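S.K.: Okay, here's the structure, questions in a sec.
Numbering (my numbering), first residue to last: 115 to 293.
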């Protein structure tokens, strides 16, 4: 065990899923805290906030969306990273969860290496200092700009070869050529 082990709350109404995740979390040398529903989980988190939450979306009584929304509204829980877990693999659900404040998303059946990477990434991001957060933000912005630049360059090159005057004028100042 690590000197200061991290706690990971697992919120899932399915007992089998809770125990599968609990075993995986223990294999990664973290301490699992189990909750079968959102109300129980919120009560536990208010008393002792975990380092990270693995949250199922589709649950009776209170959905994962509702739990996530309430967590982000309460100051004591707002900074806890949340990884959504669900058998549903649809992009619109991923987008909804991210918009509500989830850090990441993983589908069932769980892959240990994927789960490990997502947990590690979320915990590193949470524990990084302000300087690291600025560096991460700058890196993400740089990567986004690089993707946009690459896409524009591809379009310019493709159309440049075909004589697309409109694209050459649009991007010509950004990508001068010796032609």
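Just so it is clear, CB atoms sit at the ideal spot from N, CA and C, and this is done for glycine as well. This one's a predicted model, so the numbers in the text were calculated from it and none came from an experiment.
Under a three-way DSSP split, which group does residue 194 fall into?
M.R.: Coil, per DSSP.
S.K.: Below 8 Å, how does it come out for the region 177-195 and the region 135-143: are there three or more Cβ pairs, yes or no?
M.R.: Judged by Cβ distances under 8 Å, the region 177-195 makes no contact with the region 135-143, as fewer than three pairs qualify.
S.K.: What residue from 167, 128, 207, 148 has the CA that sits closest to residue 91's CA?
M.R.: The structure shown does not extend to residue 91, since the chain is modelled only from 115 to 293, so the question has no answer here.
S.K.: So, are the CB atoms of residue 219 and residue 198 less than 8 Å apart?
M.R.: Contact: yes.
S.K.: Give, in chain order, every unbroken run of the beta strand (DSSP E) that is at least 3 residues long and sits entirely within the region 141-166.
M.R.: DSSP runs (the beta strand (DSSP E)) wholly in the region 141-166: 145-149.
S.K.: Can you give me the Cβ contacts of residue 171 inside the same chain, cut-off strictly under 8 Å, excluding the 5 residues immediately before and after it?
M.R.: Correct list, in chain order: 177, 178, 179, 198, 199, 200, 202, 207, 211.
S.K.: To the nearest angstrom, how far is it from the Cα of residue 116 to the Cα of residue 265?
M.R.: For residue 116, the predicted model reports a pLDDT of 44, less than 50, meaning its position is unreliable; a value from the coordinates is still stated below. Cα-Cα distance, rounded: 44 Å.
S.K.: Relative to the C-alpha of residue 152, which residue among 138, 238, 162, 124 is closest?
M.R.: Measuring from the Cα of residue 152, the nearest candidate turns out to be 124.
S.K.: Measuring alpha carbon to alpha carbon, tell me which of 226, 213, 196, 147 ends up nearest residue 239.
M.R.: Per the Cα distances, 196.
S.K.: Grouping DSSP H, G and I as helix and E and B as strand, with all else coil, what is residue 206?
M.R.: Helix.
S.K.: Relative to the C-alpha of residue 221, which residue among 205, 182, 215 is closest?
M.R.: The shortest Cα separation from residue 221 among 205, 182, 215 belongs to 205.
S.K.: Could you say which of 161, 156, 150 lies nearest to residue 174 if we only look at CA atoms?
M.R.: Checked all of 161, 156, 150; the closest Cα to residue 174 is 150.
S.K.: Are the beta-carbon atoms of residue 163 and residue 194 separated by less than 8 Å?
M.R.: Taking 8 Å as the Cβ cut-off, residue 163 and residue 194 qualify as a contacting pair.
S.K.: Within 10 angstroms of the Cβ of residue 136, are there 16 or more other Cβ atoms? Answer buried if so, exposed if not.
M.R.: Classification of residue 136: buried, given that the 10 Å Cβ count is 16 or more.
S.K.: To the nearest angstrom, how far is it from the Cα of residue 213 to the Cα of residue 160?
M.R.: Answer to the nearest angstrom: the Cα atoms are 23 Å apart.
S.K.: From residue 138 to residue 215, what does the alpha carbon distance come to, in whole angstroms?
M.R.: Answer to the nearest angstrom: the Cα atoms are 24 Å apart.
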